[in-house]
Structures are given as C-alpha cells and as structure tokens.
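**Q** Protein chains in written order, with my numbering: chain A, 1 to 343; chain B, 1 to 842.
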Amino acid sequence: MMRLPLFEFRAPRTVEEAARILDGEGPQTMPLAGGTDLLPNMKRRQQVPKTLMSLSRIGELHQTKLGDAGSRIGACTTLSEIAADPRLRNGLTALAQAASFVATPQIRNMATLGGNLCLDTRCNYYDQNYEWRKAIGFCLKKDGDICWVAPGSSKCMAVSSTDTAPALMALGARVRLVSRSGEREVHLSELYQNDGIHYMKRQPNELLTEVLLDSLHGWKSAYWKLRRRGSFDFPVLSVAAAARLSNKGIIEDARIVVGSVACLPLVAVEASNFLKGQPLNQDSIARAAALAARVAKPLDNTDFDMTWRKRVTAEFVTYALRELRGDDMRGERLLLRRHSSSC
Amino acid sequence: MKGQMAEQKEPRKPSRSEDSRPYGEALRIIGVPRRRVDGRAKVTGQTRFADDIFLPRMAHCKLLRSPHPHARIRKIDVSRALAHPGVYMVLTGKDLPIQYGILPVSQDEQALCLDHVRHVGDPIAAVIAREELTAFEALDLIDVDYEILPTISDPEEALATPQPRIHEYGEEGNIHKQVALEFGNVEQGFAEADEIFEDTFFYQGNTHLAIEQHASLAIKDPDGKLTIWSSTQTPHYLHRALAKVLEMPAAHIRVIATPNGGGFGGKSDPFNHEIVVAKAALALDRPVKICLTREEVFYCHRGRHPVLMKFKTGVRRDGTITGVHLQTLIDGGAYGSYGVASTYYAGALQTTTYHIPRYRYEGCRTFTNKPPCGPKRGHGTPQPRFGQEVQLDKIAEKLQIDPAELRLRIVEAPNTVTANFLRLGSVNLTECIRRVVKISDWKNKFRKLPEGRGVGIACSAYLTGAGLPIYWNKMPHSGVQLKFDRGGGVSIFCGATEIGQGSDDVLAGIVAEVLGIDPFDIRLFTGDTDLGPVDLGSYSSRVTLMAGNAAIQAAERGKALLAEAVALKLAIPKERLYFADKRVFDSTAPDNGVSFAEAICLAEARFGTIGTVGSYTPPKSPALYKGGGVGPSPTYSYSAAVVEVEVNPITGWVHVPKVWITHDIGRALNPTLARGQVEGSVYMGLGEALMEEQKFRRLPKRLSHALVHKFPSMLEYKSPTSLDMPEVVTELVEDPDPRGPFGAKEVGQGPLLPIMPAVANAVYDAVGVRIDEVPITPEKVMKALAEKKAGREPRFGPDHFPHVKWPEALRIPPPWEGGDGNAVNDVHREKPRATKEKVLAP
Numbered sequence: 001m002m003r004l005p006l007f008e009f010r011a012p013r014t015v016e017e018a019a020r021i022l023d024g025e026g027p028q029t030m031p032l033a034g035g036t037d038l039l040p041n042m043k044r045r046q047q048v049p050k051t052l053m054s055l056s057r058i059g060e061l062h063q064t065k066l067g068d069a070g071s072r073i074g075a076c077t078t079l080s081e082i083a084a085d086p087r088l089r090n091g092l093t094a095l096a097q098a099a100s101f102v103a104t105p106q107i108r109n110m111a112t113l114g115g116n117l118c119l120d121t122r123c124n125y126y127d128q129n130y131e132w133r134k135a136i137g138f139c140l141k142k143d144g145d146i147c148w149v150a151p152g153s154s155k156c157m158a159v160s161s162t163d164t165a166p167a168l169m170a171l172g173a174r175v176r177l178v179s180r181s182g183e184r185e186v187h188l189s190e191l192y193q194n195d196g197i198h199y200m201k202r203q204p205n206e207l208l209t210e211v212l213l214d215s216l217h218g219w220k221s222a223y224w225k226l227r228r229r230g231s232f233d234f235p236v237l238s239v240a241a242a243a244r245l246s247n248k249g250i251i252e253d254a255r256i257v258v259g260s261v262a263c264l265p266l267v268a269v270e271a272s273n274f275l276k277g278q279p280l281n282q283d284s285i286a287r288a289a290a291l292a293a294r295v296a297k298p299l300d301n302t303d304f305d306m307t308w309r310k311r312v313t314a315e316f317v318t319y320a321l322r323e324l325r326g327d328d329m330r331g332e333r334l335l336l337r338r339h340s341s342s343c
Numbered sequence: 001m002k003g004q005m006a007e008q009k010e011p012r013k014p015s016r017s018e019d020s021r022p023y024g025e026a027l028r029i030i031g032v033p034r035r036r037v038d039g040r041a042k043v044t045g046q047t048r049f050a051d052d053i054f055l056p057r058m059a060h061c062k063l064l065r066s067p068h069p070h071a072r073i074r075k076i077d078v079s080r081a082l083a084h085p086g087v088y089m090v091l092t093g094k095d096l097p098i099q100y101g102i103l104p105v106s107q108d109e110q111a112l113c114l115d116h117v118r119h120v121g122d123p124i125a126a127v128i129a130r131e132e133l134t135a136f137e138a139l140d141l142i143d144v145d146y147e148i149l150p151t152i153s154d155p156e157e158a159l160a161t162p163q164p165r166i167h168e169y170g171e172e173g174n175i176h177k178q179v180a181l182e183f184g185n186v187e188q189g190f191a192e193a194d195e196i197f198e199d200t201f202f203y204q205g206n207t208h209l210a211i212e213q214h215a216s217l218a219i220k221d222p223d224g225k226l227t228i229w230s231s232t233q234t235p236h237y238l239h240r241a242l243a244k245v246l247e248m249p250a251a252h253i254r255v256i257a258t259p260n261g262g263g264f265g266g267k268s269d270p271f272n273h274e275i276v277v278a279k280a281a282l283a284l285d286r287p288v289k290i291c292l293t294r295e296e297v298f299y300c301h302r303g304r305h306p307v308l309m310k311f312k313t314g315v316r317r318d319g320t321i322t323g324v325h326l327q328t329l330i331d332g333g334a335y336g337s338y339g340v341a342s343t344y345y346a347g348a349l350q351t352t353t354y355h356i357p358r359y360r361y362e363g364c365r366t367f368t369n370k371p372p373c374g375p376k377r378g379h380g381t382p383q384p385r386f387g388q389e390v391q392l393d394k395i396a397e398k399l400q401i402d403p404a405e406l407r408l409r410i411v412e413a414p415n416t417v418t419a420n421f422l423r424l425g426s427v428n429l430t431e432c433i434r435r436v437v438k439i440s441d442w443k444n445k446f447r448k449l450p451e452g453r454g455v456g457i458a459c460s461a462y463l464t465g466a467g468l469p470i471y472w473n474k475m476p477h478s479g480v481q482l483k484f485d486r487g488g489g490v491s492i493f494c495g496a497t498e499i500g501q502g503s504d505d506v507l508a509g510i511v512a513e514v515l516g517i518d519p520f521d522i523r524l525f526t527g528d529t530d531l532g533p534v535d536l537g538s539y540s541s542r543v544t545l546m547a548g549n550a551a552i553q554a555a556e557r558g559k560a561l562l563a564e565a566v567a568l569k570l571a572i573p574k575e576r577l578y579f580a581d582k583r584v585f586d587s588t589a590p591d592n593g594v595s596f597a598e599a600i601c602l603a604e605a606r607f608g609t610i611g612t613v614g615s616y617t618p619p620k621s622p623a624l625y626k627g628g629g630v631g632p633s634p635t636y637s638y639s640a641a642v643v644e645v646e647v648n649p650i651t652g653w654v655h656v657p658k659v660w661i662t663h664d665i666g667r668a669l670n671p672t673l674a675r676g677q678v679e680g681s682v683y684m685g686l687g688e689a690l691m692e693e694q695k696f697r698r699l700p701k702r703l704s705h706a707l708v709h710k711f712p713s714m715l716e717y718k719s720p721t722s723l724d725m726p727e728v729v730t731e732l733v734e735d736p737d738p739r740g741p742f743g744a745k746e747v748g749q750g751p752l753l754p755i756m757p758a759v760a761n762a763v764y765d766a767v768g769v770r771i772d773e774v775p776i777t778p779e780k781v782m783k784a785l786a787e788k789k790a791g792r793e794p795r796f797g798p799d800h801f802p803h804v805k806w807p808e809a810l811r812i813p814p815p816w817e818g819g820d821g822n823a824v825n826d827v828h829r830e831k832p833r834a835t836k837e838k839v840l841a842p
C-alpha cells in the first residue's frame, strides 16, 4: 500500500499560536484540518510538507454563529455539520447543498469548510502517484516544467474543484485570514486567481479562520454539480446561483458562479447583470444560461469530454435558475444518479 | 438481546419441529435460502485476507516498475539502493530468469524484466526492506539505463508496426494469435438469406476492480520448504509456476489461497509479485510480504480485452439465421496471459444461444505496450455477445418482429451439438425470455414509452466450467476429501478457492445435504495445496459443478460406510436408512435410529478411520479440431434481461431506473447467494455498459513517447456506487440439469452478459440512436443525437474494420453436414490426437 512520507507534527491550541508557527516555520508548514485531501496527496507525493500543523485543537475554529444580520462559520466546521444544519436554508441552501455533495459521508464527517475552500486544484496529469508522474516526465505543478493539458502554456491549468467556494461566492461570502502580523477580510471572489499552482492569494503564513456572510434575507440559492456518479466524485462542472427576488418575482440582485471549469470559480458577470430587473421566466432563464455558459472554458484534464462539459453548462445553469424559481427539480436531481439533496 | 445471542450460537438448523416437510426425497438444505458459512467472519471483519497476516521478523517488498511503455534495459545498478539503511535485499531479472505464464503456449513473462520492458508498470527490480516506506524510498536509488523503443498503443498500430516486436514469438510481427475457423460454408448461408446485416462494434477494455488489492506473504518453513499465502483464484496454477521458476520440487511448495476480496478473473494468473516474495523469503529466511497499491493492480490488469468486431449475419424473413461471419481485432496488451484462450472465446459461444447453421470466425490478438488483458467475468464473450445482441435488435426492427419474439423463434434446442461442436445440456432460454417479458411488462413498454424512455432486451449463455484444463492432462478437475470425526464433525478438504462467490458454502451445503447434518457442523480446509486435493481454481464458473460433483461423490461414499454400520446395528436393510437432522434412522420408523456421531463411531469400529474421496472429470467434448478445446463445458447457463433507461435528450445522460433479469440456473443451491451473484453481475454489467474504461493516454508524440493508464485510481476509474444501482428484479428459472450437482448450473458470470446490449437497445428505444460501442457515455449519446438531428445515420460507433491478413480457415463441417468434429483441411494435425500438449483454456 502507499505510505505517508515522514513529517513533523504540531498541534497548537489557539489561532495566535498557529499563526506564530506558520510565521516561524515558513511555507514548508501546512495546516491540517480534515486531512481528507492533503493526506492522500502526501501519499502520492504531490505535496510533501516538512511540518503538518493540526487545527483540530483550536476551539475557536469550530464556532459558528448564524443570525438574521449575518453569519460566521468557523473554518473547521465539518461538511457533515453544514449539510445537516437546519438553519442553512433559503438564502443559504446552496452552501448546504454544496457541502452535502462533497465526496462521501465518511469524508464529509472529517472534511472541513476551510479545507474545502483551500482545496488543492486538480488535474488528470497531477492527481497521480509518484511513479505515474515520473512516467510522463512530471508536470508544471509538481517536479516538472510542462503543462501536459496545454503544452504551450506557461501557466498550470489545474482545475478548481471545490464545491463550497462557488456556492459561497454566489452568496457574497468573505473569509478572514489571520497571520502573526494581523488579520484581513477578503471577498471570496477576490481570494482565488487564475493559476493552477498559485490558485489562492492566501499567503503561506496566513490561516483561514472563518467564513463571513451578510444577511441573506430575501435571497434564494441553489447549487448544481456535474459528476459521473452519485457519490465520491469531485465536480467537473458546478453552478451556484443566488438571487434576491421582489414580492412580484422580479430579480433585484443575482449572482451566478460557474465552478470546476478553470483554475478558479468564475463569476458569470454578464449573466448576473442581465438577470437584474428580470422576472424568472423561460426566456430570461434561457438567456442567462446562454450568457453564463460562455464563461466556461473547460480543458481536457478532468473526467468527461471537455466539449461535452462545455455543451451542458447552459443546461446546468437552467436547472439552478429553475430551482430558484421554485420548480420541482427532484426528478432532474434523481436522474443525475440520485443527487438527492436533503435541502 | 438474549435471543440474538442464542441465534448467533445456534444458526438456522432444519429441525423436525420447525420444518414440516416429510422425509423422503425432499432436499432440506439445498435450495433453502441460508446464511453462508463464511458470512459471520466476513461481516464482523474477522476474515483474514492475505494483507491481514503479520509474522515476526517480516520484511516488506516494493517493486521498481518501468516508467517507459517500451524500452530495452541497458544496465541496472542497484548499489545505492542496497546501501540504503534498512534495505535487506534487491532482486533483479537475472535472479529469476525462468519464464512462466498461465498458458503452456504463452510462457512469456518474467518475474522481473531482464532486458526488455513492455508497458508502464512492468516490474524491473524488487527492494526488500525492514519497513515498507524504506523499500519505497530505495526504489528511487536504483539506476536503470534504458534505450527507448517505439511505442505501440493499439491493435491498428500493432498491425502497421511489425518491428520492433514486443515479443519474439507469436504469429508474426506484433500479432500474437490468429484464429480462423469455418463451420459449414457461410457464403452459402448468406446466399440463402433474405436480408444480410453488417455491423461493426467496439467494446472498450475494463478492469475487475476487486476491492482487495493483490497481496502475498511468503516464508521459508523451518525444514526449508516454502509456504506462500496469496490472494489468488488459482493456487494450483501458482503452485506449478513457482515450482518452475524457483526450480524447486512442487512437493516443497505450499500455496495457500487466502479468501479473496473479490477476484472476477483478476487473480487467475501467476503474478510476478508472488514469485518475487517467494524468492526473497527463501533467500533471506524471513517472512516477506507485498501488498500492491491500487495503481499496481491496474498494471497487473488481465481484464477485459478491448475488441473491435465486425458481424455479418444472414437471416430469412421470419428471423431464422442462415449464417454468421464474425471478425474480431483484439488488443492484448503486453503479454500473452490467457489471451490465446480469450481469442478463441471471442468466437466460441455465439452458437450456444440461437441456432446458427453456418458460422465463420476470424480473430486476431495483437500485442501492445499496455498492461496485459486476460479473463474478466465472462472471459472473451461479453464483447461479441454485445455485438450479436445489438445486431439482433437491428434485425428485429428491419424485419418488423418484436425483438423478444425474434429471439424466441431462434433459441437453440437443448441437448444439441452446435455448429462448432459444443454439446449443450439443458437450455431454458425460452422460459427465461417468456418470464422476463412478463415481469417487465415488455409488451406494454417496448416502442410504447414516451420519448426519452425506453426498454431493451438481450440474452446470453455461459459455460458451467471449462471442459478442459489449462495444461493437458487426464486427471480430475476437482477432488474432495472428507474426514469423519467421532464427535460428529465432518471436515472437507478441497483445493477450491473462496473468492467471495460462495464456494465454501457450496461445498458445506452439498456435504450437509447428503449426510443429513448442518452446514455449520462442517469444517472447511480449502484453497491449500498441502491440505486438499487439486481443484483447478475459481475461474470459468467451474467450482459449483465440478467441486460440487466431487463433494457429492465423497459424501455418498461416506454415507454408504455409515449406512452399512448403522444397518447392522439396527438390524434393518440399509436401503431403509435416512440421513437427516444429524441422525441416521429407519425411514419407516423415524424414532428407531442413532445420532450422526454414533453412526460415525459404529462405522469407525467396523471399517477403521473413516475418510472418503470424490473427484470430477468433465465429459469428453466432440470438438476435436484445433481450438476446439475452448468453449466445451458440461452444460451452459442462460440469461435474459430487460433494462429500462431514461435518456436526457439535451445532455445525452443515461439513467437506468430498473432491470429485470431471469437466469436458467438448473437449481439454486443457496438461493440467497445465487441472487447475490445475479445482482452483482447486473451491477458489474451496468458499470461496463455506462462508464468503466481501461483507457490510456498517449502524450503528444513530438514531445514524449509516454503511454500511461489514463487514471489508475479507484476515484477516477469510474465504477458505479451503490447510489447508482437501480432496482433489480431477479427470477431464477429452476429446471435441474442432470450434469450439475443437484441439477445446478453456473450463476457467477452469465447474468453479466445480457446487460450491456440490453442497455444499448434500450437507449435506441428511448431516443432512436444506436450506440454501437461501450461504455455508452453521455458524450456519445449526445453526438449520436446530433447526427440524428442533422438527418444523418443516428449512430455512434466504429466506422471501419481494418484490413487483417487472415490465415486460411480450418474447415469443420457441422454435425448436420456429417462432420465428425475434425477439420477437413488441417494438415498439421493427426487424428485422433490426445497425448500432445495443446491449446487449452479456462
């Protein structure tokens, strides 16, 4: 079987202590939350940190406050907790749906929200064990100097594969980053960047401590995920949509985010702007779906054919918007290999 | 709680008070749904698989594998690895130079490659170290100097690239094996046809994906002998390979097949890692263990061959087949494995379901620089079965006959000898079709469901055990020994290997039935070459019939001894004795009798220690031509399936809500297990139909020679999860076949076969597009839908069959043309011919 490489282990009890460790030990130290992604990656030698710093003993990272005026969710809240929390409804539905679709029940019991937001980008040429990567001469993201997805590219094209980030971006979330020298709040849509290696603007000495949400009174949201099977799989296309509707059913504000088709989740700005002032009817949904699908430029580095992923994007945007409108979408969810959602 | 505890201790026993059936000929264990004898250990995690065994001083082994798809090894320097702290030993090809392989005609493997690597993952060196991590780290310290050779990635490239050769043997160039057989003049058959259909199909390769990765642990016994525990389906063949490669007397080697965490054909070859740990354990005098990673299991492979097929079929207006001509181009991967047999199998069973008066088969297997293909559940037959059943659906549509009705018209008769000289036993395919049509409400669904929803039907047949062993011999295929204990216990010794299919339970159930005892009173010693007589292994659906018949013989012989002693004691004729409820008694006066334990004591006092043996040898096949060794079986199972699908007309997404399947099993020995096998087959079939692919990635040729498995992981090799599994309605058609134990036929493989074509036919019924290849992915459905919309042929599938230079066909006149089972033009073959080693198969 595959074994973990040797590493040093730290387990601070406070955020301050964690920040000191990150600052003192440098980028060779990685925070360990649920470990559901990091530890398998280490077994495959994709990531070989000198030190793992466990976050499990830091009580404040597990604290969650949900309220009408806004919410704070601790970074170490597990995805199971989020998926099962009955307060995460209406405006926050997309988050609960996204969390419930991650991997498997066992993994969701360990995996955390912060971990999912920081999830390493994925690629068919990278998420392989050491021997396999050696057989292709490695790649840009680890140990090599070429991107096999786009051999002419100077940039790594690994794919953002987090389920919760598109959902939280659609909800306008911010995250708190704490370092030894201070802390800052960053809009989630500003956290990611278009580079498969440096996919986050989080500095190595910064710890993502919590997710912040403004009041979502009057909002509705939905998350749709494309994957081959009803469990296990990472998204290869995801659509998060959120909208605030007037009493008359006119959209006052909307955000559509398309995930898993680039190095970062993409806000479909044109589609979102178009929807403002529109009723949610067949025409507006079709137009918004076509606009949103334009931003998706999938490459051949995930499951499924990239052309097909591109072609079905509009259909998935349609599903999400129809769900916002109040259509009964359980049949469609069931067809996608029993994507039943408790939400 | 107390009740539950009591139930654990006292498993279900058929006692007279709770079972009102009268004594007589009725079966009391066979045919009754029972908890399997190894069930408790499995569900409580106490079954010890190979990787669960830990021994003192145990060392760990890791294999250095080739990063190149095709290369010569110029030089290997292991000195840095040997100097690494914690490393005990490094082995290379020169330590194990003798070639081996599962088939006598394909002894083309080496435990560690000497000078030629043939696929990414081919093992080159082994590091044995104190810790597994140390062994892994030391792999990088082995320096190998390679000379890169051109990469051959698929059969068409293999046909076009005779040099360099991947192997120095075979037909020519990179063609491993070619087969050409003609049973009757097929052109004449086409001349008699009203319609001729020609179709090409492609069946993508896929792998077994057993949950347990292969693991082996070897020790040198205190007396210098070798013992190896291994997750193998074929301990007897591993035993032979070890004796050959290690140059040791077979008598000094003990192979123990641990319970397999799934096999499906993936653990049927002798493997390099097994030979390596055996060699290392002998040299180091330490236990040496290896447990493969999931990636390494993908490199062992031996899974489904990718097959390109061309079917030409002539039919009369009423659907009667006048002739079939099948051509296959088979991607064998880098080694022979079972490939010669697979090539024959791809043509052998076409004749077993429907009457085909004239049949021509041409098959060609090529070597490519990929992990070797071999036997996976259905060995060689799912691919042509897919083509045949989809083509029948097209024929039915053209002739305007309901496809179920068409099949009913052409079902082959029982106890027939087919065009290619396979002798059929019971054939209840008609009943299977009728029942599946009924339970699925076929007549109200086919061509009647709304757009986007559809149903498809398909049928199949499969062997109940290969009629011939892998190496030529006249000995039994399975043997069973029974030991009778004075305490009333019975021990079964048999080489049969438990791979999850329930072979232990079959043996216990049969012996318990014959002797009138409880299966839980029996101890089983199976899969151990030292303890039990040879059983050839868990492949070709052979264990229930062959080990089962051997067990009946051994049990009946024991019963006869006991009966004689008890009859004397009770002073009644032994014919009046009845064995049931752990007693032996007068069937006319049930209170007059002795306990089973007492019966053993009486017999032991009279005859001495009581032990009996039984064995089974399949009947001789009438197929005497070269290649006729592949396909014969004592009898065949039959299946019919209806699959319902829902297809999204925009995305092409295929959803399967329900499957109905009927299976002609002869008799279900333990119906719980039999149904489990059917459902497991449906599950695996849906995986092959919809998503599973053993796919490879060729990097851009100008930049790299690399050819790698696209994604050798359980996450990205897509196999359905329990959430993707539809409702399955299973009906077992029971009509005991006298050739099987208590009438039983196979159930482990046959029910897989109709699923893939039934899905394809259902997709056509739903949205009117033909997907002539598997897996049927949404991308392909969407492309076919686009073709349909554009007014072109609504189809996705291969568009050509490449030119292959076929050898002259062996001409074998079918039985109805006076044939005697021999080819009329085989100049190389004398007849009769029985002593020389020939191509034989599982």
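Cβ coordinates follow ideal geometry from the N, Cα and C atoms, glycine included.
Taking the C-alpha atoms as reference points, what is the distance between Val48 (chain A) and Thr381 (chain B)?
**A** 46 Å
**Q** Using a Cβ-Cβ cut-off of 7 Å, state whether Trp224 (chain A) counts as contacting chain B.
**A** Put simply, the CB of Trp224 (chain A) is far from chain B, with every gap to its CB atoms at 7 Å or more.
**Q** Please state the DSSP three-state secondary structure of Asp195 (chain A).
**A** coil
**Q** Where Arg57 (chain A) and Ala138 (chain B) are concerned, what is the direct C-alpha to C-alpha distance, given to the nearest angstrom?
**A** 36 Å
**Q** Quick one: which chain B residues come within Cβ less than 7 Å of Asp305 (chain A)?
**A** Glu779
**Q** Please name the residue in B:Lys267, B:Asp591, B:Cys459 whose C-alpha comes closest to that of Tyr354 (chain B).
**A** Closest option to Tyr354 (chain B), Cα to Cα, is B:Cys459.
**Q** Comparing the C-beta of Asn206 (chain B) with each C-beta of chain A, is any distance below 7 Å?
**A** For Asn206 (chain B), the answer is no, since every Cβ of chain A falls outside 7 Å of its Cβ.
**Q** Short of 6 Å in beta carbon distance, which residues of its chain neighbour Arg133 (chain A), apart from the five on each side in sequence? Order them along the chain.
**A** Counting only Cβ-Cβ distances below 6 Å, and skipping sequence neighbours, we find nothing.
**Q** With a 10 Å radius around its C-beta and 16 neighbouring C-beta atoms as the bar for buried, classify Gln97 (chain A) as buried or exposed.
**A** buried
**Q** Considering Cα atoms alone, identify which of B:Met725, B:Thr721, B:Lys695, B:Thr92 is closest to Val656 (chain B).
**A** B:Met725
**Q** Does the count of Cβ pairs from the region 75 to 94 of chain B and the region 308 to 326 of chain B closer than 8 Å reach three?
**A** no
**Q** Under 7 Å, do Lys142 (chain A) and Gln28 (chain A) count as touching if we go by C-beta distance?
**A** For Lys142 (chain A) and Gln28 (chain A), no; Cβs fall outside 7 Å.
**Q** His301 (chain B) to Glu431 (chain B), Cα distance in whole Å?
**A** When rounded, the distance between both Cα atoms is 37 Å.
**Q** Mind pulling the beta strand (DSSP E) runs of 3 or more residues that sit fully within the region 215 to 243 of chain A?
**A** 219 to 226
**Q** Is Ala167 (chain A) closer than 7 Å to Ala320 (chain A) when the C-beta atoms are compared?
**A** no
**Q** May I ask you to list the residues that DSSP assigns as paired with Glu773 (chain B)?
**A** B:Phe202
**Q** Does the beta-carbon distance from Gly558 (chain B) to Leu669 (chain B) come in below 7 Å?
**A** no
**Q** Taking buried to mean at least 16 other C-beta atoms within 10 Å of its own C-beta, is Asp883 (chain B) buried or exposed?
**A** A query on residue 883 (chain B) cannot be resolved here, the shown segment of chain B reaching from 1 to 842 and no further.
**Q** In the DSSP assignment, what are the bridge partners of Val594 (chain B)?
**A** For Val594 (chain B), which the question treats as bridged, DSSP gives the partners B:Val584.
**Q** Would you check if the region 547 to 564 of chain B and the region 603 to 610 of chain B touch, i.e. whether three or more CB-CB distances between them fall below 8 Å?
**A** yes
**Q** How about Ala361 (chain B) and Val630 (chain B): do their beta carbons lie closer than 7 Å?
**A** Correcting the residue identity first, residue 361 (chain B) is Tyr in this sequence and not Ala. Going by C-beta atoms, Tyr361 (chain B) is not nearer than 7 Å to Val630 (chain B).
**Q** Mapping the DSSP letters down to three states, classify Met851 (chain B) as helix, strand or coil.
**A** The structure shown does not extend to residue 851 (chain B), since chain B spans only 1 to 842, so no value can be given for it.
**Q** Can you tell me which residues form a DSSP beta bridge with Gln481 (chain B)?
**A** According to DSSP, Gln481 (chain B) bridges with B:Phe493, B:Val613.
**Q** Just verifying my parser: in three-state terms, what is the DSSP assignment at Pro657 (chain B)?
**A** strand
**Q** Would a C-beta distance cut-off of 7 Å place Ser637 (chain B) and Lys745 (chain B) closer than the cut-off?
**A** yes
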